[in-house]
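The numbering of the sequence shown is the numbering used here, which starts it at 427 and goes up by one. Even glycine gets a Cβ: it sits at the ideal position worked out from N, Cα and C. Structure first, then comments.
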Amino acid sequence: MQSDDLKNLVEAALPAIAAAGAAALEELRVSLLGKNGSITALLKSLGGMEPEARKAAGAEINRIKAQITDALSARRAVLDSQALERQLAGERIDVTQPPRPDLAGAMHPLSRTQEELAAIFATMGFSIAEGPDIESDWNNFSALNIPAHHPARAMMDTFYLQAPEHARPPVLRTHTSPVQIRTMLNWAKTEGLGATPAPIRIIVPGRTFRADHDATHSPMFHQCEGLVIGEGITLGHLKGCLIDFLRAYFGVPELPVRFRASYFPFTEPSMEVDIGWSRKTGEIGGGTDWLEILGSGMIHANVLANCGIDPRRFQGFAFGVGLERITMLKHGIADLRLFYESDVRWLRHYGASPLTPASLHEGI
Ligand code: DAH
C-alpha cells in the first residue's frame with residue numbers, strides 16, 4: 427500500500443469519527459480496527475513484505491492505528507458525557523414545587539406515646555434501655571422469680587421457639603421485664619461494685635407477645651418497663667415517681683392515684699396502681715370510679731440476688747405499663763385491633779404531627 431493511500435484513509439476516517447453518533451462510531455471502529463477492518467488488513471499485509479519495507483510500513487501503520495484509536499476513544503468520551511447530561515436533565519427534580527398538605531404523614535399514636543413517656547421520664551433522670559424480642563427462659567421467667575409452675579409459663583400464653591432436646595426453649599418475651607435482668611446483670615459487673623455507684627434509672631418501651639386475641643388483646647402488643655436501683659430507694663420514691671408520671675401523661679394535675687396491694691413474683695411488696703375516672707363518661711380524673719393502669723413494686727430480694735446485686739446494700743422499684751391501654755384511654759380509642767390495621771383514615775385522625783415533638787414545655 428502506498429503512503430498516499432494511508433493518508434487518504436486517515437483523512438477520511440478522522441472527520442467521520444469526530445462527527446459520528448454512538449451507533450456510527452461503533453460501525454467505524456469495526457470497519458477500521460475489527461477482525462476484517464482496513465487497519466487490521468494493512469497489518470496483516472506486512473507479512474508479505476521485504477524486511478526493510480516492512481519495518482518502515484509497520485511503523486507508519488502503527489502510528490495511524492494509534493491515531494485512530496485515540497480519536498475513537500475521544501469521541502466516545504464526548505458521547506458518554508452528552509448522554510449523562512441528557513439523563514440528568516431528564517431526572518431533574520423541581521425542589522421549588524409546593525408541599526402537598528393532604529399527603530403529609532403522621533406519627534402512629536403508639537410511637538407518640540413512647541415519645542411522651544421518654545419526655546416525661548427524662549425530666550426525672552431516666553434513660554431508655556432496649557432488649558431483644560426473643561428471650562431466654564431464664565431472663566423472661568426464672569431470674570424474675572417466676573417459678574416453674576407459674577401459669578404465665580403455660581403453653582397457651584407464651585410463644586415458645588424450637589430448642590434442642592432437653593434445653594429450655596427461648597420465648598417471644600411476654601413482658602418487658604427481662605430487660606430489668608439484662609440491665610441489672612451489666613450494672614452489677616461494673617457500676618454496682620463501686621464505692622459510689624450511679625443508680626439505674628431506665629424505662630424500656632418495646633414489643634411484647636402473648637397468645638391472646640380479642641378486642642382488648644393482641645398477640646403482639648407494647649409495654650413500657652421502668653426500673654430504679656440504688657442505695658436507699660424506698661416505696662416513697664416509687665409512689666412519687668408514678669404519681670408524677672400519670673399526672674403528666676394524662677394532663678390532669680390533680681389526678682387521683684391509688685396504690686393497691688397486689689402480687690407479682692418479681693416484686694415485694696407489689697402494687698397495682700389505679701387512677702380516678704368516671705365509668706359513665708370515660709373522663710380521666712373526673713367521677714368517683716377507679717381504673718387499674720399499671721403494676722409495680724419494690725424489687726424482690728431474690729431478683730436482685732439473681733443478678734449479682736447485694737439486696738442488703740441496694741434496693742429498687744419497678745413498674746410495667748401497657749402502651750396500647752394508656753393510649754386508648756387518653757384518646758378514647760375503643761378497639762385495640764385498630765392500632766395494627768394501617769387504615770390511613772384512622773392514622774390521619776389519631777396520628778400525631780412529627781414536627782411537634784413531645785415535650786413537657788406546655789404539657790404533654
Ligand atoms: N411484667 C408485668 C406484666 O407483664 C408488669 C409488671 C408488674 C412489671 C410489676 C413490673 C412490675 O416491673 O414491678 O404483666
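Using only the heavy atoms of the ligand DAH, determine whether one of them is closer than 7 Å to the beta carbon of residue i.
i: residue 537; result: no
i: residue 693; result: yes
i: residue 741; result: no
i: residue 547; result: no
i: residue 635; result: no
i: residue 721; result: yes
i: residue 568; result: no
i: residue 651; result: yes
i: residue 663; result: no
i: residue 798; result: The shown model of the chain, from 427 to 790, leaves out residue 798, and the question about it has no answer.
i: residue 592; result: no
i: residue 601; result: yes
i: residue 690; result: yes
Residues in the same chain with beta-carbon distance under 7 Å from residue i, minus the five sequence neighbours each way, listed in chain order, please.
i: residue 728; result: 571
i: residue 484; result: 472
i: residue 657; result: 739 and 740
i: residue 646; result: 633 and 635
i: residue 685; result: 665, 697 and 699
i: residue 598; result: 559, 560, 585 and 635
Spatial neighbours of residue i within its chain, please: C-beta separation below 8 Å, excluding the five flanking residues on both sides.
i: residue 691; result: 570, 571, 572, 573, 576 and 726
i: residue 544; result: 554, 629, 631 and 784
i: residue 704; result: 712, 713, 714 and 715
i: residue 701; result: 672, 676, 681, 682, 683, 684, 710, 711, 716, 717 and 719
i: residue 679; result: 673
Whole angstroms is fine: what's the gap from residue i's alpha carbon to residue j's?
i: residue 695; j: residue 724; result: 6 Å
i: residue 720; j: residue 681; result: 15 Å
i: residue 513; j: residue 673; result: 58 Å
i: residue 613; j: residue 743; result: 15 Å
i: residue 600; j: residue 579; result: 9 Å
i: residue 537; j: residue 506; result: 48 Å
i: residue 516; j: residue 766; result: 40 Å
i: residue 756; j: residue 664; result: 23 Å
i: residue 735; j: residue 557; result: 20 Å
i: residue 620; j: residue 626; result: 13 Å
i: residue 671; j: residue 565; result: 27 Å
i: residue 826; j: residue 754; result: Absent from the model: residue 826. The displayed extent of the chain is 427 to 790, so no value can be given.
i: residue 693; j: residue 622; result: 25 Å
i: residue 469; j: residue 511; result: 39 Å
i: residue 608; j: residue 789; result: 33 Å
i: residue 436; j: residue 459; result: 13 Å
Excluding the 5 residues flanking residue i on each side, which residues of the same chain have their C-beta closer than 6 Å to its C-beta?
i: residue 631; result: 540 and 650
i: residue 455; result: 498
i: residue 457; result: 463
i: residue 747; result: 650 and 720
i: residue 761; result: 641
Going by DSSP, what residue range makes up the beta strand (DSSP E) through residue i?
i: residue 693; result: 693-703
i: residue 634; result: 626-635
i: residue 520; result: No beta strand (DSSP E) contains residue 520, which DSSP labels as neither H nor E.
i: residue 559; result: Premise fails: residue 559 is in no beta strand (DSSP E) and is neither H nor E.
i: residue 471; result: Element bounds for residue 471: not the beta strand (DSSP E) but the alpha helix (DSSP H), 464-471.
i: residue 736; result: From DSSP, residue 736 is part of no beta strand (DSSP E); its letter is neither H nor E.
What residue does the alpha helix (DSSP H) around residue i start on, and which one ends it?
i: residue 547; result: 535-548
i: residue 605; result: 604-615
i: residue 490; result: 477-516
i: residue 750; result: 749-757
i: residue 453; result: 448-459
Does the Cβ of residue i lie closer than 7 Å to at least one heavy atom of the ligand MG?
i: residue 531; result: Of the ligands one can find in the structure shown, namely the ligand DAH, none is the ligand MG.
Problem - Any alpha helix (DSSP H) of 4 or more consecutive residues that is wholly inside the stretch 630-692 - result: 661-676
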